[in-house]
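**Student:** First to last, the sequence lines map onto chains A and B. The numbering of the first sequence is my numbering, which starts it at 1 and goes up by one. The numbering of the second sequence is my numbering, which starts it at 1001 and goes up by one. To start, I am sharing the structure in question, which I have written as structure tokens.
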Amino acid sequence: MNSQPDALPKEPSIRPSTPGLGWDEFSRELVEFFASVKLAIFLFLFIAITATIGTVIQQGERAEVYVQEYGENAYRWFLRLGFTDVYHTWWFTSLLGLLCVNSLTCFYKRFPSVWRSMKQDKVGVTMAFIKNLKQQAEIPLDNTKEAVAQQMVHHFVTKGYRVLAKNEPGEVTVYATKGVMGRVGAHMAHLSATVIIFGGLLGTYYGFQEFGVCLEGQTYHIPRGNFDLKVDKFWIDYHENGSVKSYNSTLTVVDGGQSVVTKTISVNDPLVYKGIWFYQSSYGDAWDQVEVARVNIKDKETDKVLKTVDLEWQKEQALPDLKVKLSITDFVADFAFNSTEKKVYSKTIEHANPAVKLVITERDSVQATPWIFQQFPDLFNIKDSKYQFELVGYKPRKFTGLQIAKNPGINIVWTGCTMIVVGITLSSFIFHRRLWAKIVPGQTGVTVHLGGTTHKSQIDFQKEFRKLTEKIQTFKT
Amino acid sequence: MKSLFLFDMTFWLYLAALVLYIGYLFARRPTMALAPAGHLPENFDERDGVWATQLGQVATLVTIFGWMLNTGALFTRAFERMEHSGTFAPWSNQFEAMAYVSWAIILGYVLLEMRYKIKAIGAFVVGIGFIAMGAASLLPYRYQTAEPLVPALNSYWIYIHVSVTLTSYAAFATAGGLGVMYLFKERAERLGKTAGFYAAFPDLETIDELGYKAITVGFPMLAFGIILGAMWANYAWGGYWSWDPKETWSLIVWLIYGAYIHARMTRGWEGHKAAIYAVFGFLMVIFCFWGVNFLLSGLHAYA
């Protein structure tokens, strides 16, 4: 942001004249190009324009979705240009890379002069230079040049300026400057782009993000961290109007056979262990377990419901009055049968066709283990039994969806973020001001030639300059 | 809900303030603007000046009163929220966010007026504050109530991420208003109409500079807001950046203003160009704030 050509008159630089396009010439041109604000503006706008693509076209969808919405021809172009995953295409990444090169080159080219102006300043300027500045005033005073200079220096210092003065026989030159931090801030922001992108790359290459579906009471091995995670408990809190307030899992980290940490995580409150973060991400109904199933027992002959029982998962319940024992041993949310393996499984995770496997024991010997279906109560008839069993309802066990992630670049990203915020804030609110004054003795008293410049906030500076001028007018004996 | 009544009252007061500011512009006579301090021009009619000054004062008072009501409404909403939705933040849905933005715009304007003493700006900036409030009250009732928050939003991050981002939007809105004002004034000058309505307008350079100032306030603030959002996302979703439409659009808006700030330094994007750009940038902000919620889907689409 600091590319305003320096207001100081430039000394003619002595360059060895190389014939043709020498390396020096070439590298200078190259630096010029990569440090240019023109390139920065182009990149800002071009990235802005291309970034809109990904917000209009759904990213990372299946091919059918695109074909259906945009047609096959358009989809072919999407693939060619990477529009289905814009932000990870080579060309978008290159734009970001170019932005880094741009800001770094700008830093390399322009920061040294900012650094120098923090260390030392150019006091001696010509009268013509002062008269050419945007703000300038001529103030005749009835005083000696030393006295005026002294008061002026004192006043500038109390206003927070850093002041340098040069007393020469003919005149006194005073130079005052303030707010160079604004320029330093801009360069800090320039460096931050690279820091953030570097941190981001580190995260992409050395980090991971996984999703885990976990059930209460189970222990899971986390291979990436070489420890185990036990899900002690999962529950949901509700608002008074019935909407979900939060969902929570109590997790215990088991490392080397020992429980190390126990924490209840909820949305916005993850558990961190060995740099791996466990987020409460979602929840849902398990497709292979229930907590409780409700079963009606009917008399086959009369078709009357004799009893309704709530059976807990894999717990045998005795019904002495009917002389049976019942238990639920299996559950599938969407019943399917694999005929080659002779196995029942859940086709999807949707509760589309729920069924439980009921174990019925009469007279202490297992009599039947039928699957009973909620939607098809009459599908099976148990021959030897005088009862008919119907699944009328169940309470599925909830699974907790955990996002498991590690991002070794995160702190670098935050460092870059801090730099960019501090940097832009400094450069927005602190502006670099420079004042020069020449105090020239005349026939009666002196004339103060005051001039000032800033690279932004002209109206504020104008006000400040006017006040300074008014103050200088009071420097009488 | 008590707060809805207060929001309504705020709306009407902002409307009144806008009408008064426009009235002030019409009442203002050219002689007032041209008269050097302490020297009355020959054909000066004192009643004109008094009339305009009084209108201006009333406009400012009504604006301040409206802003106080707006503050009261936001506080009332905060207490309503606390009762049954687990957060204080009175900017937790689209309606509240709009009401907060207009609060911030008006606050910014009042500070601007106190510092630079240019009342003519009120007709434009208070106008945008009024439109923001009006757009909020046009939302269907179910968007206006304080429904409990979904778990992902129910976090202390909402206090700071949302308020900082919305404040930056308000700054860009102010810049947009000043841009429109610049274009008005510029057209008037081109047509040689410096009298009447345009007499109270500050000079082009001042409008331009103030517009730029508003952007330099909004720009770092938006950066901070986006970063706070990234930090929140890192806590709630397990990733600080996921190219969700809202995220992407806030970045786009930031890049647009970033280009402007760079261009202004070196390539002379001042005056006319800058004014048009400020209006364009503000339209992008509106899209980021409204369009994305209603037209694009993504993680931020809660409302």
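Glycine included, every Cβ here is placed at the ideal spot set by N, Cα and C. Bear in mind the structure is a predicted one, so any value in this text is a computation, not a measurement.
Measuring straight from C-alpha to C-alpha, what distance separates Thr1031(B) and Thr1174(B)?
**Tutor:** Numbered from its first residue, the second sequence carries residue 1031(B) at position 31. Numbered from its first residue, the second sequence carries residue 1174(B) at position 174. For Thr1031(B), the pLDDT reaches just 46, beneath the cut-off of 50, and the residue's location in the model is therefore unreliable, leaving the point undetermined.
**Student:** Run down chain A in chain order and give the residues with a C-beta less than 9 Å from the C-beta of Val1217(B).
**Tutor:** For the purposes of this step, residue 1217(B) is taken as the residue at position 217 of the second sequence. Those are Ser428 and Phe429, listed as they occur along chain A.
**Student:** What span of residues does the alpha helix (DSSP H) with Tyr1235(B) cover, start to end?
**Tutor:** By 1-based counting over the second sequence, the position of residue 1235(B) is 235. That run of the alpha helix (DSSP H) goes Leu1204 to Ala1236.
**Student:** Taking Cβ positions, are Leu1204(B) and Val1253(B) nearer each other than 8 Å?
**Tutor:** Your numbering for residue 1204(B) matches position 204 in the second sequence. Your numbering for residue 1253(B) matches position 253 in the second sequence. It is not a contact, given that the beta carbons lie outside the stated cut-off.
**Student:** If you reduce the DSSP assignment to three classes, tell me which class Gly489(A) lands in.
**Tutor:** The structure shown does not extend to residue 489(A), since chain A is modelled only from 1 to 477, so the question has no answer here.
**Student:** For Thr487(A), which residues in chain B fall below 7 Å Cβ to Cβ?
**Tutor:** Look at the range of chain A in this structure, 1 to 477, and you will see that residue 487(A) is not part of it.
**Student:** Return the first residue and the last residue of the alpha helix (DSSP H) that Gly199(A) is part of.
**Tutor:** The residue you call residue 199(A) lines up with position 199 of the first sequence. Where Gly199(A) is concerned, the enclosing alpha helix (DSSP H) stretches over Met181 to Tyr206.
**Student:** Between the stretch 350 to 357 of chain A and the stretch 325 to 334 of chain A, can you find at least three pairs of beta-carbon atoms closer than 8 Å?
**Tutor:** Contact holds: three or more Cβ-Cβ distances are below 8 Å.
**Student:** Here's the rule: buried if 16 or more other CB atoms are within 10 angstroms of the residue's CB, otherwise exposed. What is Ala51(A)?
**Tutor:** Residue numbering aside, residue 51(A) sits at position 51 when the first sequence is read from its first letter. Buried, because 16 or more other Cβ atoms sit within 10 Å of the Cβ of Ala51(A).
**Student:** I need the straight-line Cα distance from Pro1202(B) to Ala1120(B), nearest angstrom please.
**Tutor:** By one-based count along the second sequence, residue 1202(B) stands at place 202. By one-based count along the second sequence, residue 1120(B) stands at place 120. The alpha-carbon atoms of Pro1202(B) and Ala1120(B) are separated by roughly 8 Å.
**Student:** Quick one: is Asn1154(B) buried, meaning 16 or more other Cβ sit within 10 Å of its Cβ, or exposed?
**Tutor:** Against the second sequence, residue 1154(B) aligns to sequence position 154. So Asn1154(B) counts as buried.
**Student:** On a Cα-Cα basis, can you pick out the residue from Thr340(A), Gly60(A), Leu191(A) and Gly54(A) that is closest to Leu104(A)?
**Tutor:** The residue given as residue 104(A) occupies position 104 in the first sequence. Closest by alpha carbon: Leu191(A).
**Student:** What does Asn1293(B) touch in chain A if you count any residue whose Cβ is under 8 Å from its own?
**Tutor:** The residue given as residue 1293(B) occupies position 293 in the second sequence. Within 8 Å Cβ-Cβ: nothing; Asn1293(B) doesn't reach chain A, min ~12 Å.
**Student:** By Cβ distance below 7 Å, which residues in the same chain neighbour Thr1145(B) in space, the five residues on each side in sequence not counted?
**Tutor:** Here the question's residue 1145(B) lines up with position 145 in the second sequence. Cβ within range, chain order: Met1001.
**Student:** Tell me whether Asn338(A) sits in a helix, a strand or coil according to DSSP, three-state version.
**Tutor:** Here residue 338(A) corresponds to residue number 338 of the first sequence, with the count starting at 1. Note: Asn338(A) maps to strand in three-state DSSP.
**Student:** Do you know offhand how far Phe1026(B)'s Cα is from Ala1123(B)'s?
**Tutor:** Along the second sequence, read from residue 1 onward, the residue named residue 1026(B) stands at position 26. Along the second sequence, read from residue 1 onward, the residue named residue 1123(B) stands at position 123. Looking at the two C-alpha atoms, the distance is approximately 11 Å.
**Student:** According to the Cβ coordinates, are Tyr1116(B) and Val413(A) closer than 8 Å?
**Tutor:** Along the second sequence, one-based indexing puts residue 1116(B) at 116. Along the first sequence, one-based indexing puts residue 413(A) at 413. No, these two residues do not count as a Cβ contact at 8 Å.
**Student:** Hey, how far is the Cα of Val172(A) from the Cα of Val1126(B)?
**Tutor:** Position 172 of the first sequence, counting from 1, holds the residue named residue 172(A). Position 126 of the second sequence, counting from 1, holds the residue named residue 1126(B). Spanning the two alpha carbons is a distance of roughly 50 Å.
**Student:** Exposed or buried, what is Ser1250(B) when buried is set at 16 or more other beta-carbons lying within 10 Å of its beta-carbon?
**Tutor:** In the second sequence, counting from the first residue as 1, residue 1250(B) sits at position 250. Its Cβ being crowded by 16 or more others within 10 Å, Ser1250(B) is buried.
**Student:** If you draw a straight line from the C-alpha of Pro441(A) to the C-alpha of Arg434(A), how long is it?
**Tutor:** Looking up residue 441(A) in the first sequence gives position 441. Looking up residue 434(A) in the first sequence gives position 434. Rounded to whole angstroms, Pro441(A) to Arg434(A) spans 23 Å at the Cα level.
**Student:** Residues bridged to Lys131(A) by DSSP?
**Tutor:** By one-based count along the first sequence, residue 131(A) stands at place 131. In DSSP, Lys131(A) forms no bridge with anything.
**Student:** Looking at the unbroken alpha helix (DSSP H) that takes in Val86(A), where does it start and where does it end?
**Tutor:** By one-based count along the first sequence, residue 86(A) stands at place 86. It is not in any alpha helix (DSSP H) - Val86(A) carries neither H nor E in the DSSP assignment.
**Student:** Residues of chain B with CB closer than 7 Å to the CB of Lys281(A), please, in chain order.
**Tutor:** Residue mapping note: residue 281(A) aligns to position 281 of the first sequence, counting from 1. Looking at the sequence provided, one finds Ser at residue 281(A) rather than Lys. Here the neighbours are Gly1238.
**Student:** Per DSSP, which one or two residues make a beta bridge with Phe399(A)?
**Tutor:** Reading the first sequence from its first residue, position 399 is the one you call residue 399(A). Its beta-bridge partners are Leu215(A) and Gly284(A).
**Student:** Indicate the three-state DSSP secondary structure (helix, strand or coil) for Tyr1156(B) in the structure shown.
**Tutor:** Position 156 of the second sequence, counted from the first residue, corresponds to residue 1156(B). Tyr1156(B) falls in the coil class under three-state DSSP.
**Student:** When the cut-off is 8 Å and only beta carbons count, does Gly1281(B) lie next to chain A?
**Tutor:** Counting from 1 along the second sequence, the entry for residue 1281(B) is found at position 281. Not an interface residue.
**Student:** Using 8 Å as the limit for Cβ to Cβ distance, is Gly1177(B) near chain A?
**Tutor:** Along the second sequence, read from residue 1 onward, the residue named residue 1177(B) stands at position 177. No, its Cβ sits nowhere closer than 8 Å to a Cβ of chain A.
**Student:** How would you call Ala63(A), buried or exposed, if buried means at least 16 neighbouring beta carbons within 10 angstroms?
**Tutor:** Here residue 63(A) corresponds to residue number 63 of the first sequence, with the count starting at 1. Classification of Ala63(A): exposed, given that the 10 Å Cβ count is below 16.
**Student:** In terms of residue numbering, what span does the alpha helix (DSSP H) encompassing Ala165(A) cover?
**Tutor:** Translated into the one-based positions of the first sequence, residue 165(A) becomes position 165. Careful: Ala165(A) lies outside any alpha helix (DSSP H), inside the beta strand (DSSP E) at Arg162 to Asn167.
**Student:** Taking CB distances under 8 Å as the criterion, tell me whether Asn353(A) reaches chain B.
**Tutor:** Residue mapping note: residue 353(A) aligns to position 353 of the first sequence, counting from 1. No - not a single Cβ of chain B is within 8 Å of the one on Asn353(A).
**Student:** Leaving out five residues before and five after His449(A) in sequence, what residues of the same chain have Cβ atoms less than 6 Å from its Cβ?
**Tutor:** Within the first sequence, residue 449(A) is the residue found at index 449, counting from 1. Only Ile130, Glu138 and Lys438 meet the Cβ criterion.
**Student:** If we count Cβ pairs, one from each stretch, closer than 8 Å, do we get three or more for the stretch 261 to 276 of chain A versus the stretch 217 to 230 of chain A?
**Tutor:** The stretch 261 to 276 of chain A vs the stretch 217 to 230 of chain A: in contact.
**Student:** What residues in its chain sit with their C-beta under 6 Å from that of Ile1256(B), if we drop five residues either side in the sequence?
**Tutor:** To locate residue 1256(B), count along the second sequence from 1; it is residue 256. These residues qualify, in order along the chain: Gly1281 and Met1284.
**Student:** According to the Cβ coordinates, are Gln135(A) and Gln462(A) closer than 8 Å?
**Tutor:** By 1-based counting over the first sequence, the position of residue 135(A) is 135. By 1-based counting over the first sequence, the position of residue 462(A) is 462. Contact flag set, yes.
**Student:** Is there at least one Cβ from chain B nearer than 8 Å to Cys100(A)'s Cβ?
**Tutor:** In the first sequence, counting from the first residue as 1, residue 100(A) sits at position 100. Not an interface residue.
**Student:** Starting from Leu450(A), follow the beta strand (DSSP E) in both directions and report where the run begins and ends.
**Tutor:** Working through the first sequence from its first residue, we reach residue 450(A) at position 450. Its beta strand (DSSP E) spans residues Val446 to Thr454.
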